[in-house]
Structure formats: structure tokens, C-alpha cells
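Visitor:
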Amino acid sequence: MPSHDAHTRGLLLTAIGGLTLTVDIPLIRLAHGEAWTILLLRTGTTFAAGLIMWAVWRSLSDRAPQLIPGRSGLVVAVLYGLGSIAFVTGVFNTSTANLVFILAFTTMFSALLSWVFLGERPRPLTLGAMALMLVGIVIIVGGSVGSGHLFGDFMALCASLMVASAITISRASGKDMGFTALVGVILPFAVAVFMVSKVGFQVNAPWWIIFNGAVIMPISFFCLANGPKYISGPEVAMFYLLETVLAPVWVWLIFSEAPTRNSLIGGTILIVTLVVHSMWQLHEGRKRRAALAVSHPA
């Protein structure tokens with residue numbers, strides 16, 4: 001496939017995946033259920049959809065990846081599972097704006113963990129971006145003191161750290177972790193089954209969350225996971241920002257939940273910093289590829 005066509009396909013895939021992911025939180029909220037019931041339905045349908053995808057792939061090709069590739073895969077699955085628990089808990093204990101703005105810190109957590117555990121020292125501009133994003137997080141969390149959202153903000157930060165840890169281990173292992181995130185929902189599903197058995201099954205509109213787990217999550221997973229085959233990491237990261245920008249808009253339109261002043265200020269700092277940093281990474285990547293093309297002409 002010509003490089004131009006491959007790049008266009010990558011942009012299209014990641015755009016679809018990023019846009020699809022933006023409706024995850026609104027669908028959770030539309031279900032109007034208790035947190036553990038929502039977690040049970042979301043993880044159960046996601047796991048079933050993931051298994052069906054893998055089974056179809058395996059029936060059509062003998063090159064289907066392992067569901068859990070070794071010990072590192074098991075650790076990654078557990079981290080994604082814990083992240084899922086923290087994420088859904090955050091949905092029910094803080095505002096959508098706070099949640100997605102804090103989740104945007106995943107990128108910088110990944111850079112920090114890669115520095116500590118993989119020896120990949122960030123460039124000065126990345127360190128500066130991390131400092132700015134930390135300021136944004138402090139402003140958002142500071143606005144939650146006394147509002148009852150502090151626990152939810154902490155859960156969002158935990159979810160961000162868990163996902164960043166899973167990404168770091170995946171990169172260090174060099175193994176195909178494509179289906180590991182979907183298999184990882186077994187852990188929160190088991191916890192949710194236990195809790196629902198205690199508190200009861202409580203959801204008013206289960207079809208929203210079933211649609212979310214069976215359709216929305218697999219589509220976003222497939223598209224975003226395949227994007228890096230065709231385009232660079234910074235370009236993929238840009239499309240992840242669609243959830244940070246659009247999810248609060250959907251919630252505001254549907255539920256009239258307007259972000260607080262602190263959330264808007266901190267969120268603006270986070271988004272602008274991430275966009276500028278991603279654009280810089282993209283520019284640096286193009287410069288390196290151009291230099292290689294000059295030094296090694298075809």
C-alpha cells in the first residue's frame with residue numbers, strides 16, 4: 001500500500017476510534033444505574049464482544065494474537081482491570097469534566113514511568129509539559145475540596161496511573177497486547193458480580209450500557225489499537241484528546257452539567273499543553289524521518 005494511502009487509512013481509523021470513545025461516559029450516565037451494576041454490564045458485554053472478535057479472527061487466520069501473552073500479559077490485564085474499576089468509580093463520584101481532564105494525564109504518566117523503569121529520559125520540553133499538566137491537575141483537584149468530588153478525582157488519577165503502567169509494561173515486553181485490555185475486564189467483572197450479589201441489580205436503562213460494552217468499546221478499541229500500524233504515536237495521541245474535549249460537551253448538552261471554573265481553567269491548561277506537546281513530537285518525528293531519508297536515499 002502506498003505510504004500516502006496508509007497514512008490516510010490510519011488517520012481515518014484513529015478518528016473513528018477517538019470519536020466513538022467520546023460517548024462512553026454519556027452512555028454510562030444514561031443507563032441511570034448503581035455503579036456496581038453498571039460495571040458488571042459494561043465489563044461483561046465488553047469481554048463477550050472481545051472473545052467473539054478473537055474467535056472470529058482465530059477461525060480466519062492462524063496468526064491471531066494470544067489473549068494473555070505470558071506473565072507480563074497477566075500483569076497488564078490486571079492493571080487494565082484495576083483501571084476499569086477506578087474509572088467507573090470516578091464516573092459516579094466526580095464531574096465528567098474533572099474525570100476526562102485528569103485522565104488526559106495518562107500520556108505524561110507514561111513518559112514518567114518510561115523514564116524511571118525503561119531509562120527513556122524525557123526531553124526538556126516534555127518535562128516542562130509534565131510540570132504544566134501537574135499545575136492543571138492541582139487546580140482541578142483544588143476546586144473539588146469540599147465539593148464531594150475529591151474521591152472521584154483521586155479515582156480518575158488512579159485510573160490514569162494504571163493505564164499508563166499497563167502501557168509501559170506492554171512497551172517493555174515487546175509483546176502483542178491487543179486483546180489483553182479486553183480480557184482484563186474479567187477482574188472488575190468478578191468484583192462487580194460479588195458486589196451486585198450484596199447490593200442488588202439496580203439499573204433503569206440497561207440497554208445503554210449493553211450497547212456501550214458490546215459495540216462502542218470494541219469499535220474504539222479496534223480502531224485506536226490499529227492506528228499505530230499506519231501513523232505515528234503523537235498523531236494517535238491527538239485523537240485520544242477527542243474524549244477530553246467532547247465528553248464534557250455531550251454531558252453538558254444531555255444532562256446540563258456545566259464544568260466548574262477551576263475545572264475549565266485546569267482542563268484548558270491540560271489540553272493546550274498536550275496539543276502543543278503532541279504537535280512538537282510529530283514535528284520532531286518528521287524531522288528524524290527526513291534526515292534518515294537524506295542519509296539513506298533509496
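According to my numbering, the residues represented by the sequence shown are 1 to 298, in order. A virtual CB, placed ideally from N, CA and C, is assigned to each residue, including glycine.
To test your reading of the DSSP string, which unbroken alpha helix (DSSP H) runs of 4 or more residues are found completely within the stretch 39-117?
Guide: Listed in chain order, they are 70-91 and 96-103.
Visitor: May I have the straight-line CA-CA distance separating leucine 150 from leucine 82, to the nearest angstrom?
Guide: The residue you call residue 150 lines up with position 150 of the sequence shown. The residue you call residue 82 lines up with position 82 of the sequence shown. Near 19 Å, if we compare the C-alpha coordinates of leucine 82 and leucine 150.
Visitor: Taking threonine 155 and threonine 89 to be in contact with their CB atoms under 8 Å, please state how far apart those CB atoms are, rounded to whole angstroms.
Guide: Locating residue 155 in the sequence shown gives position 155, counting from the first residue. Locating residue 89 in the sequence shown gives position 89, counting from the first residue. Before going further, note that residue 155 is methionine rather than threonine in the sequence given. That belief holds up - the Cβ atoms of methionine 155 and threonine 89 are roughly 5 Å apart, short of 8 Å.
Visitor: For alanine 181 and isoleucine 219, what's the separation of their Cα atoms in angstroms?
Guide: Within the sequence shown, residue 181 is the residue found at index 181, counting from 1. Within the sequence shown, residue 219 is the residue found at index 219, counting from 1. Alanine 181 and isoleucine 219: Cα-Cα distance of roughly 13 Å.
Visitor: Helix, strand or coil: how does DSSP classify valine 185 here?
Guide: Position 185 of the sequence shown holds residue 185. Three-state DSSP puts valine 185 in coil, outside helix and strand.
Visitor: Could you check whether serine 160 and leucine 103 sit closer than 7 Å to each other, using their CB atoms as the reference points?
Guide: On the sequence shown, residue 103 is found 103 positions in, with the first residue counted as 1. On the sequence shown, residue 160 is found 160 positions in, with the first residue counted as 1. Yes, they are a contact pair.
Visitor: Note down the Cα distance separating tryptophan 280 from tryptophan 36, rounded to an integer number of angstroms.
Guide: Taking the first residue of the sequence shown as position 1, residue 280 is located at position 280. Taking the first residue of the sequence shown as position 1, residue 36 is located at position 36. Approximately 41 Å, taken between the alpha carbons.
Visitor: Less than 8 Å between the CB atoms is what I'm expecting for arginine 42 and valine 251, so what's the real figure, rounded?
Guide: As a working note, residue 42 is residue 42 in the sequence shown. As a working note, residue 251 is residue 251 in the sequence shown. Their Cβ separation, rounded to whole angstroms, is 17 Å, which puts arginine 42 and valine 251 out of contact at 8 Å.
Visitor: Alpha helix (DSSP H) containing aspartate 24: first to last residue?
Guide: Here the question's residue 24 lines up with position 24 in the sequence shown. First-last of the alpha helix (DSSP H) with aspartate 24: 24-30.
Visitor: Where does the unbroken alpha helix (DSSP H) through aspartate 153 begin, and where does it stop?
Guide: Taking the first residue of the sequence shown as 1, we reach residue 153 at position 153. Where aspartate 153 is concerned, the enclosing alpha helix (DSSP H) stretches over 150-173.
Visitor: Could you give the C-beta distance for threonine 45 and isoleucine 186, rounded to a whole number, given that I count them as a contact under 8 Å?
Guide: Here residue 45 refers to the residue found at position 45 when the sequence shown is read from its first residue. Here residue 186 refers to the residue found at position 186 when the sequence shown is read from its first residue. Wrong, their Cβ atoms sit about 13 Å apart, outside the cutoff.
Visitor: By DSSP's criteria, valine 203 is part of a beta bridge. Which residues make up the other side?
Guide: The residue you call residue 203 lines up with position 203 of the sequence shown. In DSSP, valine 203 forms a bridge with Gly33.
Visitor: Between the C-alpha atoms of valine 215 and glutamine 202, what's the straight-line distance to the nearest angstrom?
Guide: Here the question's residue 215 lines up with position 215 in the sequence shown. Here the question's residue 202 lines up with position 202 in the sequence shown. So the alpha carbons of these two residues sit roughly 22 Å apart.
Visitor: Of the residues Gly17, Met53, Val183 and Val91, which one's Cα is nearest the Cα of glycine 33?
Guide: One-based indexing of the sequence shown puts residue 33 at position 33. Closest option to glycine 33, Cα to Cα, is Val91.
Visitor: Please return the same chain residues whose Cβ sits closer than 8 Å to the Cβ of glycine 70, not counting the five positions on each side in sequence.
Guide: Counting from one through the sequence shown, the residue named residue 70 turns up at place 70. If we look at glycine 70 and ignore the five residues flanking it on each side, its Cβ neighbours are Ser173 and Lys175.
Visitor: If you check the beta carbons only, do alanine 6 and tyrosine 240 fall under 7 Å apart?
Guide: In the sequence shown, counting from the first residue as 1, residue 6 sits at position 6. In the sequence shown, counting from the first residue as 1, residue 240 sits at position 240. Cβ atoms of alanine 6 and tyrosine 240: not closer than 7 Å.
Visitor: Could you check which residue in Phe222, Asp153, Ala111 and Met108 has the C-alpha nearest to that of alanine 97?
Guide: Taking the sequence shown and counting its residues from 1, one reaches residue 97 at position 97. Among Phe222, Asp153, Ala111 and Met108, the Cα nearest to that of alanine 97 is on Asp153.
Visitor: What would DSSP say about glycine 178, mapped onto helix, strand or coil?
Guide: Against the sequence shown, residue 178 aligns to sequence position 178. DSSP places glycine 178 in coil when its eight states are reduced to three.
Visitor: In three-state terms, what does DSSP make of tyrosine 240?
Guide: As a working note, residue 240 is residue 240 in the sequence shown. The answer is helix: DSSP assigns tyrosine 240 an H, G or I state.
Visitor: Looking at the structure shown, is arginine 121 part of a helix, part of a strand, or coil, going by DSSP?
Guide: The sequence position of residue 121 within the sequence shown is 121, counting from 1. Arginine 121: coil per DSSP, three-state reduction.
Visitor: Apart from the five residues on each side of it in sequence, which residues of its chain come closer than 7 Å, Cβ to Cβ, to alanine 15?
Guide: Mapped onto the sequence shown, residue 15 falls at position 15. The answer, listed in chain order, is Phe239.
Visitor: Hey, is the stretch 46-57 in contact with the stretch 266-281, meaning 3+ C-beta pairs nearer than 8 Å?
Guide: Flag = no, the stretch 46-57 and the stretch 266-281 do not touch.
Visitor: Under the three-state reduction of DSSP, which class applies to serine 197: helix, strand or coil?
Guide: The sequence position of residue 197 within the sequence shown is 197, counting from 1. Serine 197 falls in the helix class under three-state DSSP.
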